[in-house]
Amino acid sequence: MKRNILISFLILLMAGCSSKNPPLQTVEKVELNKYLGKWYEIAKFDHYFERGCSKANATYSLNPDSTIKVVNSCTKDGKYNEAIGKAYATDNTNSKLKVSFFWPFYGNYWVLDLGKEYEYAVIGEPSRKYFWILSRTATIDFKLKNKIILQMKSWGYDSKRLIWVEQ
Numbered sequence: 155m156k157r158n159i160l161i162s163f164l165i166l167l168m169a170g171c172s173s174k175n176p177p178l179q180t181v182e183k184v185e186l187n188k189y190l191g192k193w194y195e196i197a198k199f200d201h202y203f204e205r206g207c208s209k210a211n212a213t214y215s216l217n218p219d220s221t222i223k224v225v226n227s228c229t230k231d232g233k234y235n236e237a238i239g240k241a242y243a244t245d246n247t248n249s250k251l252k253v254s255f256f257w258p259f260y261g262n263y264w265v266l267d268l269g270k271e272y273e274y275a276v277i278g279e280p281s282r283k284y285f286w287i288l289s290r291t292a293t294i295d296f297k298l299k300n301k302i303i304l305q306m307k308s309w310g311y312d313s314k315r316l317i318w319v320e321q
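All the letters of the sequence shown, read from the start, carry residue numbers 155 to 321 under the working numbering.
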């Protein structure tokens with residue numbers, strides 16, 4: 155009897171850990187020196203920490219300790235807002251990073267897609283709660299926008315949650 159209860163518990167535990175989404179794949183490699191610099195936030199999922207922001211962008215630079223300085227800025231209620239954080243790569247591909255704006259708490263920042271010339275980037279993370287489309291310019295063309303929307307659906311993201319950021 156105890157064995158049946160244990161087996162039933164393990165089955166329930168394993169079922170609770172399964173995901174309806176396929177494992178999330180990142181790009182093969184990110185060359186950090188090419189990735190550094192200013193990125194415009196084209197679209198995102200809604201989050202309390204960015205709610206009401208327009209003219210949002212992120213600027214990445216190297217810190218002396220080889221971590222990445224992250225400066226996120228936007229205009230909110232007519233005022234300039236800035237948040238400074240730190241990121242580091244979790245492996246030598248540089249496609250999976252951990253980012254913190256409030257130490258010791260870190261979140262996942264995974265590069266899911268990246269333009270050949272680093273002209274755009276698509277960022278997400280395994281829980282599918284966070285998603286960003288970034289670009290080196292304040293807008294992206296219609297064809298690229300549609301390509302990303304189709305990709306995000308295949309990754310298990312809900313495209314209806316996208317908010318297009320006013321630049």
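Glycine is no exception: its CB is placed at the ideal position from the N, C-alpha and C atoms.
Just so it is clear, the structure is predicted and the values come from calculations on it, not from any experiment.
Residue nearest to F255 within the set G239, D231, A275, N187 is G239 (criterion: CA-CA distance).
Judged by DSSP secondary structure, S308 falls within the alpha helix (DSSP H) whose first and last residues are 296 to 308. A direct Cα-Cα distance of roughly 35 Å separates S220 from D312. Taking one beta carbon from each stretch, the stretch 300 to 318 and the stretch 221 to 233 have fewer than 3 pairs nearer than 8 Å; the two do not touch.
If you ignore the 5 residues before and after W193, its C-beta comes within less than 8 Å of the C-beta of N211, A212, T213, Y214, A275, L288, S289, R290, all in its own chain and listed in chain order. Going by C-alpha positions, L268 is about 7 Å away from V181. If the five residues before and after N226 are omitted, its C-beta is found closer than 6 Å to the C-beta atoms of A212, A237, all from its own chain and listed in chain order. Taking 9 Å as the cut-off, the Cβ atoms of Y272 and Y189 count as close.
Minimum Cα-Cα distance from K223 among the listed residues R205, Q321, L251, F296 corresponds to L251. In the three-state reduction of the DSSP assignment, L178 falls in the coil class. Around the Cβ of A292, a 10 Å sphere holds fewer than 16 other Cβ atoms; the residue is exposed.
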